[in-house]
Amino acid sequence: MLNRIATAAGLVVLTTGLALAQTPAPTAPAPTTPAAPAPGDMKEWQAAKLAKISLADAIATAESQGDKGRAIDADFEKADSKNPMHWSIKVVYPDGKLVEHGIDADTGKLYKSENQPIERYFTRLKVSDFQNATVSLKDALAIAEQKAGGGKAYEAEVERDGQSVIYEISVALADRSQEVKVGPDGKAVGD
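Take the position in the sequence shown, starting the count at 1, then add 259; the result is the number in our numbering.
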């Protein structure tokens with residue numbers, strides 16, 4: 260009888276040992292990298308870097324919507340419940356009409372146009388100031404991106420400097436945003 264108990268005990272130990280040998284050993288959890296924030300949680304300059312369509316291309320699309328219009332203001336807008344991620348481009352026409360065009364930042368397609376009262380945006384600027392500018396907003400973007408050492412322009416405003424316009428352009432860099440001013444002669448202001 261003692262022999263049977265010893266044999267049974269040995270089988271239990273042998274079976275338990277085999278079972279433990281077949282169970283995978285616990286592994287240390289894999290290191291995790293922080294998840295990238297969702298575009299809605301990013302700052303505007305960070306989200307703008309995700310746009311497939313550049314601001315310069317969006318301006319070209321907006322300016323092509325009418326006769327001899329010139330873009331004078333541009334902003335990147337993050338997606339919301341009503342609108343996709345888009346570029347909001349204000350274009351002034353020789354007859355004084357100001358139109359805000361929404362250009363989808365992923366497809367480059369025009370998805371809305373709205374007439375705007377020019378006086379609401381520009382009290383000191385005249386249509387002729389934009390039409391007579393030797394440097395376009397699109398050209399000023401390239402100058403600002405170069406001056407910033409690369410990056411992607413995501414916002415541009417215009418103001419009057421004496422008798423001409425000056426562009427204030429925000430450029431998204433790898434870790435921050437930088438503002439560059441471009442004068443009517445196409446040179447970065449402060450050079």
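By construction, the Cβ of each residue, glycine as well, lies at the ideal position given by its N, Cα and C atoms.
Helix, strand or coil: how does DSSP classify Lys349 here? Three-state DSSP puts Lys349 in a strand.
Does the structure place the stretch 390–408 close enough to the stretch 426–444 that three or more beta carbon pairs sit under 8 Å? The answer is yes - the stretch 390–408 touches the stretch 426–444, with three or more Cβ pairs under 8 Å.
Touching by the beta-carbon criterion (3+ pairs, under 8 Å), the stretch 432–442 and the stretch 332–350: Between the stretch 432–442 and the stretch 332–350 there are fewer than three C-beta pairs closer than 8 Å, too few to call the two in contact.
Cα-Cα separation between Glu414 and Glu303, rounded to whole angstroms: Their backbone Cα atoms lie some 10 Å apart in a straight line.
Those residues which DSSP pairs with Ile425 across a bridge: Ile425 is bridged to Glu418.
Any idea what DSSP makes of Gln305, helix, strand or coil? In the structure shown, Gln305 sits in a helix (DSSP, three-state: H, G or I).
Which residues in the same chain have their Cβ closer than 6 Å to the Cβ of Pro343, if we skip the five residues on either side of it in sequence? Within the same chain, and ignoring the five residues on either side of Pro343 in sequence, the residues whose Cβ sits closer than 6 Å to its Cβ are Asp363.
Thinking Gln324 and His360 are a contact (beta carbons under 8 Å), I'd like their distance in whole angstroms, please. Cβ atoms of Gln324 and His360 come within 8 Å of each other, at about 6 Å.
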